[in-house]
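One structure below.
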Amino acid sequence: MTGMRPIDEQVILVTGATSGLGRALAGRLAELGATVIMHGRSRDRLDAASERIRAEVPDATLYPVVADLASLDEVDRLADEVLAEHPALHALVNNAGVGFGSDSSRRETSRDGIELRFAVNHLAGAQLIRRLLPRLAESAPSRIVQVASLGQAPIDPADPQLDRDYDGWRAYAQSKLAQVMLTRDLAVECDPATVTVNALHPATFMDTGMVREGGITPQSSVDEGLEATLRLVAEPDLDGVSGRFFDGTRETSPHRDADDPEARARVRELTDELLYGGT
Ligand SMILES: NC(=O)c1ccc[n+]([C@@H]2O[C@H](COP(=O)([O-])OP(=O)(O)OC[C@H]3O[C@@H](n4cnc5c(N)ncnc54)[C@H](OP(=O)(O)O)[C@@H]3O)[C@@H](O)[C@H]2O)c1
9 MTGMRPIDEQ VILVTGATSG LGRALAGRLA ELGATVIMHG RSRDRLDAAS
59 ERIRAEVPDA TLYPVVADLA SLDEVDRLAD EVLAEHPALH ALVNNAGVGF
109 GSDSSRRETS RDGIELRFAV NHLAGAQLIR RLLPRLAESA PSRIVQVASL
159 GQAPIDPADP QLDRDYDGWR AYAQSKLAQV MLTRDLAVEC DPATVTVNAL
209 HPATFMDTGM VREGGITPQS SVDEGLEATL RLVAEPDLDG VSGRFFDGTR
259 ETSPHRDADD PEARARVREL TDELLYGGT
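Structural data, given as structure tokens:
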């Protein structure tokens with residue numbers, strides 16, 4: 009098996025690079041010499057994040073890409089842009105996410121009418137993987153990192169989008185379990201010598217926008233989550249390691265449904281149904 013390329017020869021897409029963990033990761037990767045495709049939903053916030061990184065790393069190689077991940081059309085446009093502009097892609101970090109919200113009883117939907125947390129946290133990443141996997145495979149060895157969470161909840165097949173009994177925490181935790189389930193599925197699908205896929209809980213209640221918006225007192229620093237996430241992207245010892253779930257830097261077991269074939273098949277079907285109408 010070929011080992012990973014030096015990080016300064018890699019092209020890496022980080023979603024949600026405008027704040028919190030994503031911005032910190034983009035900055036560190038740029039400092040290490042990687043070419044960083046920085047995704048954000050707002051051009052202004054992307055410009056501000058890029059400027060902030062360039063102030064620290066003047067020779068940073070940054071490519072901003074704009075897409076609202078609450079729209080599957082925009083997710084596809086993002087994938088089209090990356091494929092058109094970047095002949096190689098060595099890592100995809102699905103980091104962008106919506107938290108629990110300031111009012112966790114208020115159900116929100118994406119532009120496609122899908123429960124918002126499932127749409128942004130899981131479906132957008134799943135679609136990006138689907139679209140970018142051939143490019144990642146051509147650029148092998150490459151890595152996919154799913155920024156998930158220890159907050160995981162099973163998906164009730166009778167009410168998968170919480171139409172009846174909505175709770176923002178539950179919606180968030182369902183989307184995070186779906187990310188881990190997809191990680192397990194992809195690790196079976198992909199040759200780990202070519203593309204590895206791992207998921208993590210970066211750190212608990214880091215001092216970021218989504219934690220503050222949820223009215224939670226931060227318990228850890230962004231740096232802590234950054235180190236754990238960077239490790240999955242750039243640690244040579246993790247060559248060929250795939251399908252794992254980490255709490256920070258320690259491998260751990262996700263919710264038991266992540267290893268239940270029937271529960272996984274149901275979420276796969278739901279994902280395909282929402283993305284492709286079941287095809
Ligand atoms: N904070 C924690 O303690 C913690 C714990 C476990 C897991 N995580 C996970 O870590 C990841 C990063 O979160 P964070 O803590 O760094 O929070 P954050 O500072 O709120 O960052 C979230 C990022 O996602 C982007 N985003 C949200 N909705 C989007 C949309 N519809 N389209 C495109 N981008 C969108 C945000 O863009 P804007 O700048 O435009 O808002 C922002 O860049 C998330 O997946 C989160 O679930 C965080």
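All you need for our numbering is the position in the sequence shown, starting with 1, plus 8.
Backbone N, C-alpha and C fix where the C-beta goes; we use that ideal spot for every residue, glycine too.
Backbone secondary structure at residue i - three-state DSSP
i: residue 48; result: strand
i: residue 169; result: coil
i: residue 282; result: helix
i: residue 32; result: helix
i: residue 272; result: helix
i: residue 106; result: coil
i: residue 70; result: strand
i: residue 7; result: No answer is possible for residue 7: the residues shown for the chain start at 9 and end at 287.
i: residue 99; result: strand
i: residue 40; result: coil
i: residue 65; result: coil
i: residue 287; result: Confidence is the limiting factor: at residue 287 the pLDDT is only 46, short of 50, which leaves the residue's position unreliable, though a coordinate-based value still follows. Here residue 287 sits in coil by DSSP.
Short Cβ contact (8 Å threshold) for residue i with residue j
i: residue 143; j: residue 84; result: no
i: residue 257; j: residue 276; result: no
i: residue 101; j: residue 73; result: no
i: residue 8; j: residue 13; result: Only positions 9 to 287 of the chain appear in the structure, and residue 8 is not among them; the question remains open.
i: residue 80; j: residue 55; result: no
i: residue 44; j: residue 69; result: yes
i: residue 242; j: residue 188; result: no
i: residue 78; j: residue 118; result: yes
i: residue 49; j: residue 88; result: no
i: residue 272; j: residue 178; result: no
i: residue 207; j: residue 228; result: no
i: residue 200; j: residue 11; result: no
i: residue 128; j: residue 237; result: no
i: residue 230; j: residue 32; result: yes
i: residue 190; j: residue 148; result: no
i: residue 250; j: residue 205; result: yes
i: residue 222; j: residue 126; result: no
i: residue 42; j: residue 67; result: no
i: residue 22; j: residue 47; result: yes
i: residue 24; j: residue 214; result: no
i: residue 8; j: residue 282; result: Here the chain covers residues 9 to 287 and nothing more, so residue 8 does not appear.
i: residue 167; j: residue 209; result: no
i: residue 58; j: residue 130; result: no
Presumed contact (8 Å Cβ cut-off) between residue i and residue j, rounded CB distance
i: residue 296; j: residue 159; result: The displayed coordinates of the chain run from 9 to 287. Any statement about residue 296 would go beyond what the structure contains.
i: residue 30; j: residue 104; result: 7 Å
i: residue 53; j: residue 26; result: 4 Å
i: residue 163; j: residue 194; result: 18 Å between Cβ atoms; not a contact.
i: residue 185; j: residue 263; result: 5 Å
i: residue 203; j: residue 132; result: Going by Cβ atoms, the distance from residue 203 to residue 132 rounds to 19 Å, so no, they are not a contact pair.
i: residue 71; j: residue 113; result: Actually they are not in contact, since the Cβ atoms of residue 71 and residue 113 sit about 39 Å apart, beyond 8 Å.
i: residue 92; j: residue 19; result: About 13 Å; that fails the 8 Å criterion.
Continuous beta strand (DSSP E) assignments of at least 3 residues falling wholly in the region 113-164: Entirely contained in the region 113-164, the beta strand (DSSP E) runs reaching 3 residues are, in chain order, 150-155.
Within the region 174-260, ranges of the beta strand (DSSP E) (whole runs, at least 3 residues): Counting whole runs of 3 or more residues, the region 174-260 contains the beta strand (DSSP E) stretches 203-209 and 253-255.
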